[in-house]
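Count the sequence shown with our numbering and you get residues 627 to 871, in order.
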Amino acid sequence: MTRPDTLLFALQRADAARPRITTYDDTDSPTRGERIELSARVLSNWVAKAANALQEDYDIEPGSLVRLALPPHWRTAYWALAVWAVGGCVSLDADAEAEVCISDDRAVLDEFIATSGAGAAAILVTLGALARQADGEVRDGVLDEAAQLATYADQFDPWAEADDEDPALRVDGAAISYAELADWAAAQDIAPGARAHLSTYDTALFLQVLLRTWDGDGSLVLSRGEPPADVLAERLTTESVTHTL
Numbered sequence: 627m628t629r630p631d632t633l634l635f636a637l638q639r640a641d642a643a644r645p646r647i648t649t650y651d652d653t654d655s656p657t658r659g660e661r662i663e664l665s666a667r668v669l670s671n672w673v674a675k676a677a678n679a680l681q682e683d684y685d686i687e688p689g690s691l692v693r694l695a696l697p698p699h700w701r702t703a704y705w706a707l708a709v710w711a712v713g714g715c716v717s718l719d720a721d722a723e724a725e726v727c728i729s730d731d732r733a734v735l736d737e738f739i740a741t742s743g744a745g746a747a748a749i750l751v752t753l754g755a756l757a758r759q760a761d762g763e764v765r766d767g768v769l770d771e772a773a774q775l776a777t778y779a780d781q782f783d784p785w786a787e788a789d790d791e792d793p794a795l796r797v798d799g800a801a802i803s804y805a806e807l808a809d810w811a812a813a814q815d816i817a818p819g820a821r822a823h824l825s826t827y828d829t830a831l832f833l834q835v836l837l838r839t840w841d842g843d844g845s846l847v848l849s850r851g852e853p854p855a856d857v858l859a860e861r862l863t864t865e866s867v868t869h870t871l
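Below you can see the structure in the form of structure tokens.
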């Protein structure tokens, strides 16, 4: 498997314009009804901006732990890739020792700051595709992604690269290295070139399917929430889905 920190380069070489993730929002939330489609080229811009923020503002580097407290979502995809781009470790566990916490939930960020003490860094993500700032006031020390991420460069050069044995992912208390991430993703039996569909609330499963699909030069359709059966059936046909999970 291609390492996660170079996966986007492989997708761009294969076909930079082809959709790589398509997200439908069926949740009971203000974002209900959204459909967002991103190519490798567009994803790379998001990843570059997020990686520059992590590297320049928070000194995230190989070995750094970043808590990713986000649901399955296209924004979750680029934040995970950004952490890997700087050589850090994505933690899906509630780790007080994480250097940065990224979440769409203010309560999660407040708890992280309270338990981590001075110097704790937090990033507030607004899931809406057209959001230009977070709703309401954002507390001091928290980066408002919707308002500020666009100010970072859309080209990224890492200060250091992770070694194969460095941790890439932490989930359920276990650390998975950059070298081991291939075996972890390979647990999903998805054929090369598949147009896969996934509907889940499990961020670990989402990342696993995403990595496996992209490593096979495929693409993912993500349904957030629980669409009615007839809506889902039509969606699978419209999106030319070849593999469902």
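Every residue gets a Cβ at the ideal spot worked out from N, C-alpha and C, and that includes glycine.
Note that the region 639-658 does not touch the region 682-693; fewer than 3 beta-carbon pairs, one per stretch, sit closer than 8 Å. Annotation: the continuous beta strand (DSSP E) that includes R821 extends over R821 to L824. Remark: C-beta atoms of L694 and W710 do not approach each other more closely than 8 Å.
Less than 8 Å divides the Cβ of K675 from the Cβ of L775. Less than 8 Å separates the beta-carbon of A760 from that of A773. Between V734 and G714, the CB-CB gap reaches or exceeds 8 Å. In this structure, I816 sits away from A808, with a CB-CB distance that is not shorter than 8 Å. Checking the DSSP bridge columns, you'll see P698 has no partner listed.
If you check the CB distance, T829 and P630 do not come in under 8 Å. The C-beta separation of I728 from W700 comes to about 14 Å, leaving the pair out of contact by the 8 Å criterion.
With a beta-carbon spacing of about 12 Å, V668 and L707 fall beyond the 8 Å limit used to define contacts. Comparing C-alpha distances from A666 to each of A640, A724, R838 and D719 shows the shortest one belongs to A640. The region 785-797 makes no contact with the region 839-853: fewer than 3 CB pairs, one atom from each, lie closer than 8 Å. Within its own chain, the residues whose Cβ lies closer than 8 Å to the Cβ of R758, once the five positions on either side in sequence are excluded, are A772 and A773, listed in chain order. Membership of E737 in the alpha helix (DSSP H) is indicated by the continuous run R732 to S742.
When rounded, the separation of the alpha-carbon atoms in V726 and A786 is 18 Å. Cβ-Cβ separation between L824 and L858: approximately 12 Å, too far for a contact (criterion under 8 Å). When the beta-carbon positions are compared, V751 and D736 stay at least 8 Å from each other. Annotated three-state conformation of V768 is strand, per DSSP. If you draw a 10 Å sphere on the C-beta of F635, you find fewer than 16 other C-beta atoms in it, and that means exposed. Straight-line measurement puts the Cα of R861 at about 13 Å from the Cα of H869.
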